[in-house]
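Read the structure below first, then the notes.
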């Protein structure tokens, strides 16, 4: 038989993408089963256990609604269930995904006030307070924040934003996208008084893409009763009338077996230990990049150290070099998948995902492939980034 001129890479595919993420073998095995009626008592038990687990990860005792949709579906659910035509929302700019959420809101006839920010530094929290304090007529109905901006590798401090809302004595709802932070970074829905949480299956929950959810506070559910935006598939009122309290239509039964197992894995490790593991692996990654930055090499895109993401690191390429070309070398030579730049960052950066089912050898394999590709592609960089990561992880 004829053979390809470019042989398929051998060995296990290293997936260092910021989403979707690696799916643990036990989660894959849990989903590997035949169909079952979603009203069957056996499945109802699985469903309820998975729901309770998601509430533990959210750290909430309030409400959760789930959908057959990616995170964009949960975004739409948050807007259409809580707002009315012509309402105003305040969006904190953090990168590609904050802009996408704002664009979705405009498409629904909402007015968006954007607190603009340098994508490398993030918003000034004082500007949030000013925007709310000057809104004396309380036109702003919701403050929308992407907790962890996957496109830029930046985390925004939710407690500080909550404090700014409270200091202004503003009644706006607090809406937070946790798609690339939940199950990876510290998150406390009830303690931080978050009214609506947007989450997805394919990142910290270590599942396939295709299911998303919203955590909803009592305050938000009360606001929902007055909201007038059109909705059907994502309508919480309709969902409340269903026995399962979610899903307009068929429930994805197999993914719930996987969700029960993924939550079990998080419980087994302990959510605080999960957060600490992500922090450790993220710091190792950053130490490697800081070494590579020598000799005018690639550097951390985020310039605000206390906002570094612990689930994804975005890396800015030197002038004249393309991040997608580097990713191509890493993928074709070493069977390692990295994330690319989104929107206006296309080709300018590459991204390392270090979230979900990940340990030290897996991360070091990806970092080693990148350092070899930097040499192969003739990209200026400081030597020894992987060694710096190893030294940190070894406690040296």
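In the numbering used here, the protein residues as written are 3 to 398.
In this text, a Cβ means the ideal position worked out from N, Cα and C, and glycines have one as well.
Residue i versus residue j: straight-line alpha-carbon distance, rounded
i, j, result
"residue 11", "residue 332", "11 Å"
"residue 1", "residue 271", "Here the chain comprises residues numbered 3 to 398, so residue 1 is not present and cannot be evaluated."
"residue 13", "residue 358", "21 Å"
"residue 307", "residue 386", "22 Å"
"residue 54", "residue 295", "44 Å"
"residue 363", "residue 118", "39 Å"
"residue 293", "residue 305", "15 Å"
"residue 20", "residue 145", "25 Å"
"residue 301", "residue 87", "43 Å"
"residue 240", "residue 338", "44 Å"
"residue 268", "residue 378", "39 Å"
"residue 388", "residue 310", "19 Å"
"residue 45", "residue 52", "11 Å"
"residue 187", "residue 282", "12 Å"
Residue environment, residue i, which counts as buried when at least 16 other CB atoms sit within 10 Å
i, result
"residue 361", "exposed"
"residue 321", "exposed"
"residue 109", "exposed"
"residue 18", "buried"
"residue 135", "exposed"
"residue 152", "buried"
"residue 123", "exposed"
"residue 83", "buried"
"residue 1", "Outside the displayed span of the chain (3 to 398) sits residue 1, for which this structure offers no information."
"residue 22", "buried"
"residue 315", "buried"
"residue 245", "exposed"
"residue 67", "buried"
"residue 393", "exposed"
Residue i - DSSP class collapsed to helix/strand/coil
i, result
"residue 143", "strand"
"residue 383", "coil"
"residue 53", "helix"
"residue 227", "coil"
"residue 23", "coil"
"residue 216", "strand"
"residue 113", "strand"
"residue 172", "coil"
"residue 361", "coil"
"residue 75", "helix"
"residue 280", "helix"
"residue 70", "strand"
"residue 264", "helix"
Member of the options whose CA lies at the smallest distance from the CA of residue i
i, options, result
"residue 404", "380, 96 and 15", "As displayed, the chain neither begins before 3 nor continues past 398, which places residue 404 out of reach and without an answer."
"residue 373", "223, 127 and 287", "287"
"residue 160", "66, 300 and 126", "126"
"residue 297", "382, 267 and 354", "382"
"residue 401", "282, 255 and 303", "Nothing about residue 401 can be reported from this structure: the residues present for the chain run from 3 to 398 only."
Under 8 Å: do the region 201-215 and the region 72-80 share three or more Cβ pairs, one atom per stretch? yes
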